[in-house]
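Order-wise, the sequence lines are chains B and W.
If you count by this note's numbering, then the first sequence holds residues 29 to 511, one letter each, in order.
If you count by this note's numbering, then the second sequence holds residues 149 to 584, one letter each, in order.
Think of the CB as a built atom: it goes at the ideal place given N, C-alpha and C, for glycine as much as any other residue.
None of the values given here were measured: they were computed from a predicted structure.
The next block holds one structure in the form of structure tokens; read it before the comments.
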Amino acid sequence: MKRNTTKNLTKQSGYMNALMHECMQTCSHAIILLVIVGSMTFAQFQLPKYEKYTLSNGLTVYLMEQHEVPLVYMNAIFPAGAVWDGEESGLAALTAEALLFGSKNYTKDQIEETFDFLGAGISANAGKEAAQVSISFKKGDFDQLFPIFADVIRNPSFPKTEVDKRIQRWVAELEQAKESPRGVIGNYFGKFIYGENPYGNPVDGTKNTVSALTPDDLRSFFNLHYQLSKSCISIVGDFVSEEIKLKLDQVFPPSPKVDLPLLPQQIQAGIDPFIENRVLLVNKDDSRETTFMIGSMGVAWNNPDIIQIDIINTILGGRFTSWLNTELRINTGLTYGARSTFSNRKYSGTFYILSFTGTENTSAAIDLTLKVVERLHKEGIDEETLTSAKNYIKGQFPPDYETAGSLAGLLTTMFFYGLEDSYINDFEKNIDAMTVENANNIIAKYFPKENMQFVLIGKADEIREVAAKYGKVIERNLSEDGF
Amino acid sequence: MKKLIAILLFFSFAVFPQSSVEDIKSFTLENGMKIIVLEDHSIPNANMYLFYKVGSRNEYPGITGISHFFEHMMFNGAKKYGPKEFDRVMEANGGANNAYTSQNITAYTNWFPNHTMEVMFELEADRIAYLNFDSTMIESERGVILSERSTGLENDPMEELWDEVQAAAFTAHPYMWPVVGWESDIKNWTKQDLENYFRTYYAPNNCIVVIAGDVKYNWVKTLAEKYFAPIPSGPDPRKIHTVEPEQKGERKVFVKREVPSPYVLFAYHVPQTSSEEYYALDLLESILSSGKTSRLYKSIVDEKQLAIDIGTYYGNAFDPTVIMIYAIAGQDVKAEVLEKAIKDEIEKVINEGVTDNEFQKVKNQKLMGFYRSMETINGKANTIGTYELFFGDYKKLFSAPEDYNKVTKEEIQQVAEKYFTKNNRTVGILNTEEEK
């Protein structure tokens, strides 16, 4: 728990990246004073060399040697996220965590003690679409830890006592989670946008659904969704590939490939376009501020314009000087931060703006947000702004892939979403290729401006009328189970 | 586990292969500003950390939170670069930044592509030498800070309890107020207060700069001479002479707030980071809370199911501080039951000491922690700065594995016995209703 107070909520906190942009009209004098910056040439970041191959059981393996630090990171990814929960919301997330509750050859205590003792890390969790199991350890500890890792991803035992204990805490955590409107607003928004589509499933489930889960549910979910033939492991760090390959062969002896079909049709089903503005007003009686999300549908990972969209979003709400942060924070002091995000999934995605403000400023902050969106469509982007955003993205790109851990994560992400090396290797080239004309086409094509969907969490009695200004209001109470 | 111990003891003495003490160079400008440089060419980026030795401990009632407010104002305009331009110029050059304020220090962090380093020097020099306080910017920033304070409290009941426990644990020392400040002070700071603060604390002799990344030492030196050296030094800031008097009895705090289950927070007074007992206390803290097999997690969360979250905090501090132990109760668990369970675990360490296995475990964890913190240029700069500030010398970073190895099991038990006493404790509970 960090007790410092910062300029921006940070990337690390998992919430806000560097937020916000600029105001050409009100500070035109500024332009003369600025260091004039043209488009910069950067040392192009290239994906380090790696090897990819497939074992007889169908598991894809990525090996990337990185010798700077004596650490090794391993990451396994499975198509085992919450989109496959069905009615049993929370099933994927609990299954992932429960992998570490014991396996054929190791008890929960043995797993925890071995990893903790070596200062190594092990984690297993599920997100919306995928589950990941990751370990990190000192070079040299491979032989002790890898067999455990291999056993938990193939032979978890899901002991009832441990599963029940976790469910008991899980339910309490779901209740506590509602203490943070900013922590749960994404769940409300996802459900509000997607409705019955599996992408609307809250990853952590609800009290009712999680309470009902049993070890058998976990087992059947595991058997279908943790097929090695649909998965990969990436190993990145300080090792010698030839040695690791031999070790992998020992731990994964030749075995027949199992390939059961998953049922992705439901996930691929589209969402009917929104035909009106809607507002979900979630009441929290003791609120002193209103937390809000405004947005609509976004794009899928395989969208060909994904990098161009990112450039525009950087300008709108993806950095400290973005238009949203400039207006809502820097110029008016209405909030500590405002940002916009494209959340890209395999088959679809969402776009949202997120901010918060004192209850009494709810109307001012939301009006201003909508004005900024309108300005984006009306005025578009000029050359100087575009150049600044390109430089910013290029300049901040290399640190994203600085560690073996982040590279391991990148490789599994590339596998899961089917991204080519060119996504990384041509990234800077693609950034540079963007023109002002493209930019304005991208805005018109992808940035929602009408039929917006709003979620407001705050004191309903004081913001009900404000909420009604924006569209048809649906009311809920934060204390009600689910989202 | 025996075999493991032998392997690890051997390993523990290895130094950091990724950077050695010789890789770090430093120089001090005539105005007293110390600059520490670590060349690391793994990515074409670099960072610049500026640590000012000022934090909420330098404040007094009436201006609480002003260090943090000041931190925000550093982005709001100087001479060459007016309001909003610092961030605009930095981002247009591919850079990003953040800043944080603690009880002890204020840090400014710039991350940038290596070829734009001169711009970073120019931006920093402008605001250190000529920060300007624009009245309009002061007012909008006041709103930002009120929102920052409010959003922290809105989203985290523990933060509310934390403030109250800190305020009770300290009766004299300025560690008693929250870094963000009390609301009434936030609303009433004046431009004059900010100007005084700037003159007192933002002189180059009160600042340490760390630069790590794909840069050349000589180029850093040239730029430092050009941009930072002309800034005049200032008088040494007032020493913080207030010593927190010894606590003579347990203090209890209750905060009423509607929550699904109670929050519990303990504070014990302990020595500052530069103390000889620091390493033993730091290992004790890890034994209590680091990992699933730690004392508190294993017993209270996993086995007894009394809490859904538990942890400890022993932050770096110039002055004697507190170790915090925090927990959120599980469903239908009473605060007093959770409180007792925590006390039992503490008693157990005091009475029975620590085992060989967990003793070696926390040392191994520390070593891994160091490796992880040295994986990025960002982690390197931050760690180097932390050691320079709180341990008096960045070189201590490289002797840290040995410093931890020198601690004995008995010393860990001794510090537990010495500091985890009832008289030295403040216990805070946040709950919907007070338990009868």
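message: At the 9 angstroms Cβ level, is N236/B part of the contact set with chain W, yes or no?
response: Residue mapping note: residue 236/B aligns to position 208 of the first sequence, counting from 1. By this cut-off, N236/B is not an interface position.
- request: Go ahead and label P243/B buried or exposed: buried means 16 or more other beta carbons lie within 10 angstroms of its beta carbon, across all protein chains shown.
  value: On the first sequence, residue 243/B is found 215 positions in, with the first residue counted as 1. Around the beta carbon of P243/B, a 10 Å sphere encloses 16 or more other beta carbons of the protein chains shown; the residue is thus reported as buried.
message: If I measure Cβ to Cβ from V470/W and keep anything under 7 angstroms in the same chain, skipping five residues before and after, which residues do I get?
response: For the purposes of this step, residue 470/W is taken as residue 322 along the second sequence, with counting starting at 1. Scanning its chain for C-beta atoms nearer than 7 angstroms, with the 5 sequence neighbours on each side dropped, one finds around V470/W the residues A317, A415, Y416, H417 and V418, in chain order.
task: Name, going along the chain, the residues of the segment 355 to 386 of chain B whose beta-carbon falls closer than 8 angstroms to a beta-carbon of chain W.
output: Correct list: R357, I358, N359, T360, G361, L362, T363, Y364, F384, T385 and G386.
- prompt: If you drop the 5 nearest sequence neighbours on each side, which residues of the same chain put their C-beta closer than 6 angstroms to that of T574/W?
  reply: The residue labelled residue 574/W in the question sits at position 426 within the second sequence. Within the same chain, T574/W has close Cβ partners V313, A316, A317, R399 and A415.
- request: Please name the residue in L398/B, I421/B and I299/B whose C-alpha comes closest to that of N241/W.
  value: Stepping through the second sequence from its first residue, residue 241/W is reached at position 93. Answer by Cα proximity: I421/B.
query: Okay, do the segment 355 to 368 of chain W and the segment 183 to 200 of chain W touch, 3+ Cβ pairs below 8 angstroms being the bar?
result: In short, these stretches touch, since the Cβ pair count reaches three.
task: Helix, strand or coil for T580/W, going by three-state DSSP, please let me know.
output: The sequence position of residue 580/W within the second sequence is 432, counting from 1. Three-state DSSP puts T580/W in coil, outside helix and strand.
For Q278/B, the three-state DSSP class (helix, strand or coil): Here the question's residue 278/B lines up with position 250 in the first sequence. In the structure shown, the three-state DSSP call for Q278/B is helix.
query: Are the beta-carbon atoms belonging to W259/W and Q424/B less than 9 angstroms from one another?
result: As a first step, residue 259/W is located in the second sequence; it is residue number 111 there, counting from the start. As a first step, residue 424/B is located in the first sequence; it is residue number 396 there, counting from the start. Going by C-beta atoms, W259/W is nearer than 9 angstroms to Q424/B.
Length of the line joining the Cα atoms of L371/W and P380/W: Numbered from its first residue, the second sequence carries residue 371/W at position 223. Numbered from its first residue, the second sequence carries residue 380/W at position 232. Roughly 16 angstroms separates the two Cα atoms.
query: Leaving out the 5 sequence neighbours to the left and right, which residues in its chain are closer than 6 angstroms to R306/B when beta-carbon positions are compared?
result: Sequence index remark: in the first sequence, residue 306/B carries index 278 (1-based). Q481, G499 and K500.
- prompt: Exposed or buried, R386/W, counting other C-beta atoms within 10 Å across all chains shown (16 or more means buried)?
  reply: Against the second sequence, residue 386/W aligns to sequence position 238. R386/W is exposed by the Cβ-count criterion.
message: Just to confirm my understanding: we take V494/B, look at its own chain, exclude 5 residues before and 5 after, and list those with CB closer than 6 angstroms. What are they?
response: Position 466 of the first sequence holds residue 494/B. Correct list, in chain order: T390 and S391.
task: Would you mind reading off the limits of the alpha helix (DSSP H) that contains E270/W?
output: Position 122 of the second sequence, counted from the first residue, corresponds to residue 270/W. Under the DSSP assignment, E270/W falls in the alpha helix (DSSP H) whose first and last residues are M265 to Y278.
task: Return yes when the Cβ of F106/B is within less than 9 angstroms of the Cβ of Q160/B, no when it is not.
output: Taking the first residue of the first sequence as position 1, residue 160/B is located at position 132. Taking the first residue of the first sequence as position 1, residue 106/B is located at position 78. If you check the CB distance, Q160/B and F106/B come in under 9 angstroms.
message: With a threshold of 9 angstroms between beta carbons, is G243/W in contact with chain B?
response: For the purposes of this step, residue 243/W is taken as residue 95 along the second sequence, with counting starting at 1. By this cut-off, G243/W is an interface position.
field: Amino acids of chain B, ordered along the chain, whose beta-carbon sits closer than 7 angstroms to that of P410/W
entry: Numbered from 1 along the second sequence, position 262 holds the residue referred to as residue 410/W. Going along chain B, no residue has its Cβ under 7 angstroms from P410/W, so there is no contact; the nearest lies around 11 angstroms.
task: Would you list the residues sitting across from M472/W in a DSSP beta bridge?
output: For the purposes of this step, residue 472/W is taken as the residue at position 324 of the second sequence. DSSP links M472/W through a beta bridge to A415/W and Y461/W.
- prompt: If we ignore side chains and look at the alpha-carbon of each, how far apart do L177/W and L198/W end up?
  reply: Position 29 of the second sequence holds residue 177/W. Position 50 of the second sequence holds residue 198/W. If you take the alpha carbons of L177/W and L198/W, they lie about 14 angstroms apart.
task: List the residues of chain B that Q453/W touches, going by C-beta distances under 7 angstroms, in chain order.
output: As a first step, residue 453/W must be located in the second sequence, where it is residue number 305. Result: K193, Q196 and R197.
- request: In the DSSP assignment, find the unbroken beta strand (DSSP E) run with G150/B in it and report its ends.
  value: Position 122 of the first sequence, counted from the start, is the residue given in the question as residue 150/B. Residue identity differs from the one stated: residue 150/B is Ile in this sequence, not Gly. Run containing I150/B: G149 to A154, per the beta strand (DSSP E) assignment.
Nearest candidate by alpha-carbon position, reference K369/W, set E187/W, I560/W, N579/W and E558/W: Here residue 369/W refers to the residue found at position 221 of the second sequence. Comparing alpha-carbon positions, the option among E187/W, I560/W, N579/W and E558/W lying closest to K369/W turns out to be E187/W.
query: Helix or strand or just coil, what does DSSP make of F375/B?
result: Translated into the one-based positions of the first sequence, residue 375/B becomes position 347. It is Tyr, not Phe, that sits at residue 375/B in the sequence shown. Of the three classes helix, strand and coil, the one that applies to Y375/B here is coil, per DSSP.
field: Simplified DSSP state of P352/W, which is helix, strand or coil
entry: Counting from 1 along the second sequence, the entry for residue 352/W is found at position 204. Residue state, collapsed to three classes: helix.
- request: Grab the span of the alpha helix (DSSP H) containing F250/B for me, first residue to last.
  value: What you label residue 250/B is simply residue 222 of the first sequence in a count that begins at 1. Counting along the chain, the alpha helix (DSSP H) containing F250/B begins and ends at P243 to H253.
task: Can you tell me which of E448/B, P332/B, I221/B and E203/B puts its alpha carbon nearest to the alpha carbon of Y380/B?
output: Position 352 of the first sequence holds residue 380/B. Nearest option by C-alpha distance: I221/B.
Own chain, CB closer than 8 angstroms to A467/B, minus 5 neighbours either side, in chain order: The residue you call residue 467/B lines up with position 439 of the first sequence. Counting only Cβ-Cβ distances below 8 angstroms, and skipping sequence neighbours, we find Q336, I339, I340, G408, I409 and L414.
field: Segment limits, beta strand (DSSP E) that includes S526/B
entry: Residue 526/B lies beyond the range of chain B shown here (29 to 511); nothing can be said about it.
- prompt: Using a C-beta to C-beta distance shorter than 9 angstroms, which residues of chain W count as neighbours of E304/B?
  reply: Position 276 of the first sequence, counting from 1, holds the residue named residue 304/B. Against E304/B, chain W offers no close residue; the least beta-carbon distance is about 30 angstroms (beta-carbon pairs closer than 9 angstroms).
message: For the alpha helix (DSSP H) containing F455/B, name the first residue and the last one.
response: Here residue 455/B refers to the residue found at position 427 when the first sequence is read from its first residue. Element bounds for F455/B: F455 to A461.
query: My guess is that L438/B and Y429/B are in contact by the Cβ rule of under 8 angstroms, so how many angstroms apart are they, rounded?
result: If you number the first sequence from 1, residue 438/B lands on position 410. If you number the first sequence from 1, residue 429/B lands on position 401. Contact holds; Cβ gap of about 6 angstroms.
message: Using C-beta distances below 6 angstroms, list every residue in its chain close to A277/W, excluding the 5 sequence neighbours before and after it, in chain order.
response: Walking along the second sequence from the start, residue 277/W turns up at place 129. Excluding its 5 nearest sequence neighbours in each direction, A277/W has C-beta neighbours in its own chain below 6 angstroms: I379, listed in chain order.
task: Spell out a yes or no on whether the segment 319 to 338 of chain W and the segment 419 to 432 of chain W are touching, meaning 3 or more CB-CB pairs, one atom from each, closer than 8 angstroms.
output: No, the segment 319 to 338 of chain W does not touch the segment 419 to 432 of chain W.
task: Out of K232/W, M306/W, G300/W and I253/W, point me to the one whose CA is closest to L279/W's CA.
output: Taking the first residue of the second sequence as position 1, residue 279/W is located at position 131. For L279/W, the nearest C-alpha among the options comes from K232/W.
query: Curious, which full-length alpha helix (DSSP H) runs of at least 4 residues does the segment 392 to 443 of chain B contain?
result: If one requires a minimum length of 4 residues, the alpha helix (DSSP H) runs lying completely within the segment 392 to 443 of chain B are 411 to 423, in chain order.
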